[in-house]
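Chains as they are written, first to last, in this note's numbering: chain Z, 1 to 148; chain H, 1001 to 1180. Yeah, the Cβ is synthetic: ideal placement off N, Cα and C, and Gly gets one too. Report on the following structure.
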């Protein structure tokens, strides 16, 4: 390989300064190796640059637009799902709050917490004899009255 | 045809027609670059489609200091690399491609040589192939290739030199060189 082989690459790519280009113009004429290499590089360039394919431009663009539309549709569906999910979640938020309030109310209505003294008296004195006495005497129990 | 920057600004303002004009302007270059890198038409079109889809979604991040074409070539090369890596198991061997091409094109020596050179391109490393494609197919300068691929100019020169040397070796081995 000629010592100017790398320079030859820059020469064929038009990347040399004017001075070096003029040097290579002369050198190639006198160097069989570089002359042969130039022939190969030129032919390689010609073959690669001509190896192009024909495509249907309209079909390519129409296919691309179809893919863009599909992607945007998929994105909108995904956003819509997230939006609907959020909307329903917001609607349902009051339900557990209401349930909690009802539970608290229910717990406060528990008979253990009943404050009517008469009923409390009767509840405390569930002795059946006492109850029977109340019934037979016809007396209505008065608040705070203990019957024994 | 309006300048690239004008088309980009129009597209970013919502003008879809501007994007279509950009596609029409560059699609042949992108498809043929992809073909040179991938070696077959079907893959080349898929790569080109993916490239323009990335452009469509990423144009708002394009920095106007660089040339649009440099950015486009970089995306094309990167997309081709990702595509080929993902589909490497279904790549045809050079021997299969050779036999097919010889049968199909034995009456056309120029076309045959071209196909064999395309096959030989598939044998050299992707990094070398991409630099050679941008230089020989698209006529980019060393500076432009350096900007497109984000590599030093010295690296561009080195890869070009080695790519051409490797191709020469492959073509000589396959007996193609006498036709080149």
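Taking the Cα of residue 45 of chain Z as reference, the smallest distance to any Cα among H:1116, H:1166, H:1137, H:1153 is reached at H:1137. Counting along the chain, the unbroken alpha helix (DSSP H) around residue 1058 of chain H starts and ends at 1041-1058. Taking 8 Å as the CB threshold, residue 99 of chain Z stays off the interface with chain H. Taking all protein chains in view, the Cβ of residue 1148 of chain H is crowded by 16 or more other Cβ atoms within 10 Å, so the residue is classified as buried.
Straight-line measurement puts the Cα of residue 73 of chain Z at about 44 Å from the Cα of residue 1153 of chain H. For residue 2 of chain Z, the closest alpha carbon among the candidates Z:37, Z:75, Z:58, Z:12 is that of Z:37.
Taking C-beta atoms as the reference points, residue 1128 of chain H and residue 6 of chain Z fail to come closer than 8 Å. Burial check for residue 1045 of chain H: the Cβ neighbour count within 10 Å reaches 16 or more, so the residue is buried. Between the stretch 88-103 of chain Z and the stretch 1072-1084 of chain H, the count of Cβ pairs shorter than 8 Å is below three; the stretches do not touch. Rounded to the nearest whole angstrom, the CA to CA distance from residue 21 of chain Z to residue 32 of chain Z is 18 Å.
Within the same chain, no residue comes within 8 Å of residue 62 of chain Z by CB-CB distance, once the 5 residues on both sides are set aside. Judged by DSSP in its simplified three-state form, residue 1125 of chain H adopts coil rather than helix or strand. Against residue 45 of chain Z, the close residues of chain H are 1136, in the order they occur along the chain (beta-carbon pairs closer than 8 Å). In this structure the stretch 1047-1059 of chain H does not touch the stretch 1114-1132 of chain H; the number of beta carbon pairs closer than 8 Å is below three. DSSP places residue 1064 of chain H outside both helix and strand once states are collapsed to three, so it counts as coil. Check the Cα spacing between residue 1159 of chain H and each of H:1175, H:1172, H:1135: the tightest is with H:1135. The three-state reading of DSSP puts residue 15 of chain Z in coil, since its state is none of H, G, I, E or B. Cβ-Cβ separation between residue 1116 of chain H and residue 1176 of chain H: approximately 5 Å, consistent with a contact (criterion under 8 Å). Nearest to residue 55 of chain Z by alpha-carbon distance, out of H:1066, H:1142, H:1024, H:1113, is H:1024.
Less than 8 Å separates the beta-carbon of residue 1059 of chain H from that of residue 1012 of chain H. Cβ atoms of residue 1020 of chain H and residue 1070 of chain H stay farther apart than 8 Å, at about 22 Å. Pairing residue 93 of chain Z with residue 1014 of chain H, the inter-Cα distance amounts to about 39 Å. Residues of the stretch 50-67 of chain Z with a C-beta atom less than 7 Å from some C-beta of chain H are 50, 51, 52, 53, 55, 57, 60, 61, 63, 64, 67, listed in chain order. Distance check between residue 40 of chain Z and each of Z:8, Z:98, Z:18 places Z:8 closest, using alpha-carbon atoms only. Following the DSSP letters along the chain, one finds residue 1169 of chain H inside the alpha helix (DSSP H) bounded by residues 1153-1173.
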